[in-house]
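Down below is the structure, laid out as C-alpha cells.
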Amino acid sequence: MNVAADIEARELSYAEAIREAMDVALASDERVILMGEDIGVYGGAFQVTGDLIDTYGPDRVIDTPISELGGAGVAVGAALTGLRPIFEFQFSDFATLAMEQIVNQAAKVRYMLGGAVSVPVVMRFPAGSGTGAAAQHSQSLEAWFAHVPGLKVVQPSTPHDAKGLLLAALEDPDPVMIFEHKLLYKMRGAVPEGHYTVPIGKAEIRREGVDVSIVATSIMVHKVLEAAEMLAGEGIEAEVIDLRTVRPLDRETVLASVRKTSRLVCVYEAVKTLGIGAEISAMVAESDAFDYLDAPIVRLGGAECPIPYNPELEKAAVPQVEDIIEAVRAQVKGRL
Amino acid sequence: MPKVDMDMTSGRIVSWHVAEGAEVTAGDPLFDIETDKAAMEVESPASGVLQHVRAAEGDDVTIGQPVGWIYAEDEDVGAVPDASRPEEGQATPSRPSEEVPRPRSPEETQKIRATPRARKLAREAGVALGDIEGSALRGRVQHADVAGVLDRVRADPVSGSLPVIRSGGDEGVPLVLIHGFASDASSWAGLLRFLPKDVPIYRMELPAHGKSPARPASSFQDLVRLVRQAFDLLDLKAAHLVGHSLGGALALALADTRPRQVSRLTLLSPAGLGPEINGKTIAGITRAKRAESLAPWLKTLVATPEIITDNYVQAAWSQRGAPGLRDAQRDLAAALFPDGTQSFDLRAALDRITVPARIIWGREDRIIPWRHALGAPGAVSLNLFERTGHLSHIERAEEVAVLIGQ
C-alpha cells in the first residue's frame, strides 16, 4: 500500500470492501468471474455481491443451482481452464457438501499432475456464530480446510484486510479459502481505493505489549483488543497478533512475540479441541521460543458442542471479552 | 564443608572472611562455621580466587558438600561445577565409609516445577532451581523468582554492591540520593514527587538498612567504602549528590574522594559537621520492639508531630521488622554515634569542596543542631527552614525539591 492510497482511504463496511475488491478484479481482469447461490439478482445471502450483476452481467456474476458440490465443481473446473472464479458459499457450513471438490480435487490436482496445471480458485465462506442462526449455520470450520496441504486459508478481521486479502487470493495460483465472519460484515473501517493486496501468510501485530502475546483470528481480534485495553488498566500490556492467515502460518511473527513476552494465549471462535490454538501452541513448544515461556499456554476456543440456538447459550459457547481478561490475568499472575 | 568434629553431620556458615571473586591464600581464614557444639574458623585449603560461593551466611551445609570453589589465578571460571560430584583432592572427611551418598528421599528426587524461561535463566546464571521458592501455582518457579534471587545475590551480604534503585528519566545531571540512619530508599518518596521527571535518580541503600537489613557495617569508613563502590559501579560522568543526615556525611565523604564525578552537593541536616547528636532518639529507634515504642521517637524527628500519623508509624515499623535489622543498626549506631557523639568529622572535607554545595536544615531539628551549618565555608549556600525538624525532605518536600533543582 503506498502513501497516496493511504490518504485516499475512506471508510467502508467489511461487506462493501469485499464487494469493492470483486469490482476492482472484475473490471481489471476479464478472467475473473463470480459464482454462487443467489449472488446475482438477489445480491448474495449477506448482500456482499450486491448489484455487481448490473455492471458485469449474468455471464460473469453467475447464479449457481442449489448444489454446493456442483457449483464448487464447476468453479474448480473453470479455474483449471484458466479463469479466476470467486465462489461464494451462502454459509460456510454448507461447504461440507463440497468437500470432495475442495479437498480431493482443488487441493490436489496440481500435485497429482506434476505441476502441469494449477487451480486458482477463490472460495468465500460466511462463517461464525452470533446471528441466532443455530447449529447448521454458525460454525467455524476453517481448521478443517487448514489441515489440507494444497489449500491456503485466510481470515480477514478488518475491511482493509478483507479487500486486500481477496485481491491477493486472486493473484495466487492455488486455491485460497476466505473465511468471513458474518458479524464483521457491517463493521466499518478505512479501506484504500483501487487495487492493493495484503500478503497471504503474514500476521499483523494490532497492539504492542510486553506481558503476554495473544494470537487471535477473525472477530476474536476485536474482542481481544477490547480485553487488552481493560488489562492495560491493570498494568498488563498485551501484544495482540491478528493471525490473518491460518495456512500458511506466520511462524516468525508469533515466535518473535512469544520470545518477547514469555506468555502465549490463543483465542479463536472455532471449537477449541484440535483447532488453530493447538497448532500455534505446538509450534511454539517445538521452537526455540519454548525456552522463553514463563507460564502455561492458554487456549480459548469454542465450547465442545454445536452452536446453540438460545442466544445466551450461543454467547456462552464462544470466548467473550470477560473470558479473555480472566484468562490473561490468571496467566500473568501465576495462577494457572 | 569439612568434618571438624566426630558427631558432625552438617555445619552452619556463620560468616565468610573472603568475598566471592577475591583472592585467598592457603592457610588464610576462609569462613567461620558453627556446629551443634562448637564454632570455628576454617582455613583455605588452597590459594587462588574464590568463586561460585553456593552457601550463604546462615546456611546449613552437609559435610562433604562444596560451599565454593577456589580457582587458580589463570584458570577459566566456567559455570558452577556439578555439586553432586566431589572434586578430586578435596579434603576427605575422616570417616569416608560413612559419607556414601544416602538414597534420595522422594522429595529430593521429585522434579522441580519451573517454567522454561525460569530454567533458562537459572541455567545461564548458574544457580540451582531447587533452592528457589516458586511463586506461581503449585510452587512453580517463574522467571521473576529466579531474577529475584539473582538480585539478592548481587546485593550479597559479603561481596555485593549496595542496592541502588533507579527511577526518573535520561536527561540532565543524575541525582544520587543517600538516606540517613535508620531510614531507607523509600524515605525519598515524598521528595521524588516534586523532582523533575526527566532527570535520572539513583537511590542508594546503606547496609543494615532497606534491602540488606542484616548486612553489617562496622565503621564510617566501611560505609564510605561501600558507598564509593556503589557510586563507581554507576559509572556516572557527573552527579548531584543529595544526602540526608548520615547520608549527608557520606555524600560529603564521597564528593571529597570523587571530585571529578560529583558536580553538585546538597546536604540535608548532615552529620559530620559537629560532635552533638541526639543519642536518645537513636537509641530509642534502634531499641523499639513495638510500633507503640517507636512512635514517640519518630515524633522527635519532626517539628510538627502531627505529620507522624499512625499510618506513618505502621509503615516505618513494618520496614523495621526485617530479621537482623535491629541488631545490625544497633551495632552500627554504637560505632558511629558512641555515647551520643558523632565519631566522624567531615569539616575539613567540606572546606575542600569546590563544586556548588548547599546545606538545608530545619531550625527545629532536635537530632543534629542546625548550628553545625555555621562552620561551613562561605561559598556553601545555607537554607534554614522555620518550623522544620530533622526531616526537611519530608516536612518541606516541595521547597527542598525546588532548591535541589536550582
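Sequence lines, in order, name chains A and B. Each step along the first sequence adds one to the number in our numbering, with nothing skipped, and position 262 is 262. Each step along the second sequence adds one to the number in our numbering, with nothing skipped, and position 124 is 460. Here a beta-carbon is modelled for each residue, glycine too, at the ideal position from N, C-alpha and C. Predicted model only: the values in this text are computed from it and were never measured.
query: Ser138/A at chain B interface by Cβ criterion, 8 Å; result: no
query: Residues near Gln426/B by beta carbon distance below 7 Å, same chain, minus five either side; result: The predicted model places Gln426/B with a pLDDT of 42, which falls under 50 and marks its position as unreliable, so this point remains unresolved.
query: Nearest-angstrom Cβ-Cβ length linking Asp681/B and Pro713/B, presumed shorter than 8 Å; result: Not quite, the Cβ-Cβ distance comes to about 15 Å (not below 8 Å), so this is no contact.
query: Residue range of the alpha helix (DSSP H) that includes Ala650/B; result: Reading the sequence as shown, one finds Gln at residue 650/B and not Ala. It spans Asp646 to Gln655 - the alpha helix (DSSP H) in which Gln650/B sits, taken as one unbroken run.
query: Unbroken stretches of the alpha helix (DSSP H), 4 residues or longer, contained in the region 474-527 of chain B; result: 479-490
query: Proximity of Leu577/B and Val560/B at Cβ, strictly below 8 Å; result: no
query: Residues of the region 448-459 of chain B with Cβ closer than 7 Å to any Cβ of chain A, in chain order; result: Thr451, Pro452, Arg453, Ala454 and Lys456
query: Nearest-angstrom Cβ-Cβ length linking Ser679/B and Phe556/B, presumed shorter than 8 Å; result: 7 Å
query: For Ile18/A and Val41/A, believed in contact at Cβ under 8 Å, the rounded distance; result: At roughly 19 Å, the Cβ-Cβ gap does not stay under 8 Å, so Val41/A and Ile18/A are not in contact.
query: Cα-Cα separation, Leu603/B to Ala544/B; result: 22 Å
query: Alpha-carbon spacing of Val267/A relative to Ala408/B, whole angstroms; result: 56 Å
query: Asp288/A, buried or exposed, once every other Cβ within 10 Å from all chains shown has been counted against 16; result: exposed
query: Cβ contact check for the region 230-248 of chain A and the region 202-212 of chain A: 3 or more pairs under 8 Å; result: yes
query: Lys108/A versus Leu97/A - alpha carbon distance; result: 18 Å
query: Classification of Thr357/A by the beta-carbon crowding that lies within 10 angstroms, buried from 16 upward; result: This structure cannot speak to residue 357/A, because chain A is shown only from 1 to 336.
query: CB contact flag (Asp29/A, Arg84/A, <8 Å); result: yes
query: Contacting positions in the region 278-310 of chain A - beta carbon closer than 7 Å to chain B; result: Phe290, Asp291, Tyr292, Leu293, Asp294 and Ala295
query: Buried/exposed call for Asn614/B, threshold 16 Cβ in 10 Å; result: buried
query: DSSP state of Val240/A mapped onto helix, strand, coil; result: strand
query: Beta-bridge pairing of Asn719/B - partner residues as DSSP gives them; result: Ile696/B
query: Pair within 8 Å by beta-carbon distance, Ala671/B and Phe530/B; result: no
query: Rounded C-alpha distance that separates Lys315/A from Leu727/B; result: 59 Å
query: Cβ-Cβ distance between Arg390/B and Gly400/B below 8 Å; result: no
query: Residue environment, Asp571/B, which counts as buried when at least 16 other CB atoms sit within 10 Å; result: exposed
query: Backbone secondary structure at Asp63/A - three-state DSSP; result: strand
query: CB-CB length for Ala143/A against Ala270/A, believed under 8 Å; result: 6 Å
query: Delimiting residues of the alpha helix (DSSP H) encompassing Pro159/A; result: Pro159 to Glu171
query: Contact check, Gly44/A vs Gly57/A, beta carbons under 8 Å; result: no
query: Ala391/B, DSSP secondary structure in three states; result: coil
query: Nearest candidate by alpha-carbon position, reference Gln650/B, set Gly660/B, Thr636/B and Glu628/B; result: Glu628/B
query: Inter-residue Cα distance where the pair is Asp675/B and Ile501/B; result: 33 Å
query: The region 221-232 of chain A in contact with the region 245-255 of chain A per 3-pair CB rule at 8 Å; result: no
query: Simplified DSSP assignment, three categories, for Ser257/A; result: helix
query: Contact with chain A by Leu473/B, beta-carbon distance below 8 Å; result: yes
query: Where Leu570/B sits in the DSSP three-state scheme; result: helix
query: Within-8 Å CB hit, Ser213/A to chain B; result: no
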